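These notes concern the structure reproduced below.
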Amino acid sequence: MESLFYDWFNLLLRMLHAIAAIAWIGASFYFVWLNNHLEVPDDKGKTRGLAGELWAVHGGGIYQVGKYRLAPPVMPERLHWFKWEAYTTWVSGALLLTLVYYGRADLYLWQVGKWPATPTVAVIASLLYLAAGLLCYELLFRFLHPRSQQLFNGLLVLMVAIACWLASRLFSDRAAFLQLGALLATIMAGNVFFGIIPAQKRFLRALDAGEEPAAAPMLAAKRRSLHNNYFTLPVVFCMLSNHYPFLYGHRFNWLALIACVALGAYVRHFFNLRHRGQLKFHILVVAAAGTLLLALGLAQTQKNIAPTTQDSSLPTARKSLGNPMSLVETHCQGCHSAVPTEPGFSAAPLGLRLDTPQQVLAARDRILPTLRNRYMPLGNIAGMSEEERMALIAALETDEVMAVQKTAFPDSSP
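Here the sequence shown is numbered in UniProt numbering, starting from 1 and rising by one per residue.
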């Protein structure tokens with residue numbers, strides 16, 4: 001019953017996080033699109049104090065949108081703010097991170113061979129990682145960005161690349177990508193909380209006092225908003241990445257993460273330019289080529305820790321370890337079963353059931369990367385030895401074993 005309550009709370013919190021994130025990203029996309037599509041107003045619009053305007057059709061009606069250089073002659077009674085989408089997304093994400101990755105750090109956040117010695121140290125490392133990343137960004141933006149945007153952009157790229165590498169050293173492979181996403185999302189929320197909203201409040205206070213608002217804070221707020229826009233696709237990728245062990249389970253996972261983040265931001269750049277009337281289709285071609293090269297590069301450099309079928313010791317090891325399916329039963333089915341026996345699991349994670357040889361073989365491409373990088377079994381709670389791991393990998397991946405799968409994996413289905 002406790003696991004059921006945990007799963008329902010996880011589901012509801014995840015739904016809240018996803019809905020709020022959709023609203024936040026949608027607002028980011030819309031306002032960058034809006035700013036890039038504003039046209040110089042006519043004389044009548046300039047007389048009204050407009051800096052730009054556009055016409056649009058949607059939902060069965062025609063809309064006229066205008067942006068004032070400062071403010072309308074009479075301020076409206078109700079002025080809409082766009083901040084709760086960001087705050088709700090970040091708070092719900094922080095609660096999810098605490099519930100899943102901090103609450104079960106021994107399974108999801110910590111991994112043998114990473115720098116933190118214990119799950120508790122991994123949790124502390126995660127908190128410091130997020131705080132340090134936000135601090136570095138704020139220092140760069142506040143002190144360097146006003147002086148040199150080019151240098152700021154270069155150092156920001158370097159900071160994100162270092163964060164990708166550092167996450168791969170501090171956290172479990174599955175958690176590393178998500179931690180980078182959490183860092184970028186924290187920076188985005190910080191942009192709203194520390195920069196965008198305070199600038200807008202100062203802007204309105206100056207208008208109420210009959211003063212000319214300072215231009216620098218609003219320009220900085222616009223820059224922060226643009227940074228958030230470029231972070232959106234990389235963050236979405238990071239939050240979905242735990243479904244793809246062939247990426248986070250690769251020995252060069254940190255390089256794959258850097259490449260995917262860069263490609264996401266580059267694709268976002270295409271759309272931002274398109275909104276300004278600049279069609280740069282070569283960006284999409286380069287992004288597609290980069291994705292293909294990344295896939296080929298990862299395929300060519302996949303680490304294989306299993307012995308080959310020509311290894312004379314392999315038959316002996318297999319014989320001593322018994323049927324490979326017994327290894328699955330011992331080390332995998334506690335979680336990945338129709339009826340999990342591991343505490344905290346009411347259903348098989350990701351719907352991956354390994355109760356029969358057929359299910360194991362069908363999921364071979366999902367299982368192998370997590371075995372190779374030692375991410376699975378989670379926290380090695382069943383105590384899988386290296387000999388057992390190597391034998392199971394060999395049994396799953398070699399042509400010899402696959403050719404005699406009926407012998408290696410006798411049919412145990414009902």
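Here a beta-carbon is modelled for each residue, glycine too, at the ideal position from N, C-alpha and C. Predicted model only: the values in this text are computed from it and were never measured.
Around the beta carbon of Leu170, 16 or more other beta carbons lie within 10 angstroms, which makes this residue buried.
Exposure of His243 is indicated by the presence of fewer than 16 other C-beta atoms within 10 angstroms of its C-beta. Taken atom to atom, the span from the alpha-carbon of Gly344 to that of Phe5 is near 10 Å. Selection Leu34, Leu54, Leu127 and Val32 evaluated against Pro41 yields Leu54 as nearest (Cα-Cα). With a cut-off of 8 Å on Cβ pairs, the stretch 227–240 is in contact with the stretch 254–269, counting three or more such pairs. In this structure, His336 lies near Leu354, with their beta-carbon atoms less than 7 Å apart. Runs of the alpha helix (DSSP H) spanning 4 or more residues and lying entirely within the stretch 152–194 occur at 173–190, in chain order. For Trp55, the enclosing beta strand (DSSP E) has its first and last residue at Leu50 to His58. Counting only runs that start and end inside the stretch 326–352, there is no alpha helix (DSSP H) element of at least 4 residues.
Here Asn36 really is in contact with His275; their C-beta atoms are around 4 Å apart, less than 8 Å.
Unbroken alpha helix (DSSP H) runs of no fewer than 4 residues, entirely contained in the stretch 111–139, are found at 119–139, following chain order. For Ile367, the uninterrupted alpha helix (DSSP H) run begins and ends at Arg364 to Arg372, by DSSP. The DSSP-derived three-state label of Glu77 is coil. Around the beta-carbon of Gln333, 16 or more other beta-carbon atoms lie within 10 Å, marking it buried. Rounded to the nearest angstrom, the gap between the Cα atoms of Leu178 and Ser92 is 15 Å. Taking a contact to require three or more Cβ pairs closer than 8 Å, the stretch 116–129 and the stretch 213–233 do not qualify as touching. Beta bridge pairing from DSSP links Gly61 with His58.
When beta bridges are read from the DSSP output, Lys83 appears opposite no residue. Taken through DSSP and simplified to helix, strand or coil, Glu387 comes out as helix. With a threshold of 16 other beta carbon atoms within 10 Å, Thr120 falls short and is exposed.
Collapsing the DSSP output to three states places Gly264 in a helix.
Under the DSSP assignment, Thr291 falls in the alpha helix (DSSP H) whose first and last residues are Phe281 to Gln300. DSSP, reduced to helix, strand and coil, places Tyr30 within a helical segment of the structure shown. As the crow flies, the alpha-carbon of Ala206 is around 12 Å from that of Pro198.
Residue environment analysis places Pro324 among the buried positions, since at least 16 neighbouring C-beta atoms fall within 10 angstroms of its C-beta. The alpha-carbon of Glu397 is positioned some 35 Å away from that of Val160. Distance from the CA atom of Leu371 to the CA atom of Ile393, rounded to whole angstroms, is 7 Å. The stretch 149–163 and the stretch 129–138 touch, with three or more beta-carbon pairs separated by less than 8 Å. Its chain contains Leu396 and Glu397 as the residues whose beta carbon lies nearer than 8 Å to that of Arg364, once the 5 sequence neighbours on both sides are disregarded; these appear in chain order.
At a cut-off of 4 residues, the continuous stretches assigned as alpha helix (DSSP H) that sit fully inside the stretch 214–244 are 215–240.
Spatial neighbours of Asn10 in its own chain (CB-CB distance under 8 Å, excluding positions within 5 residues in sequence) are listed in chain order as Leu96, Leu99 and Val100. The secondary-structure analysis by DSSP pairs Glu39 across a beta bridge with Glu53.
Collapsing the DSSP output to three states places Gly277 in coil.
In the three-state reduction of the DSSP assignment, Gly66 falls in the strand class, which pools E and B.
Closest option to Leu255, judged by alpha-carbon separation, among Ala176, Ile187 and Ile283: Ala176.
Proximity of the stretch 101–109 to the stretch 22–38 falls short of the contact definition, fewer than three beta-carbon pairs being nearer than 8 Å.
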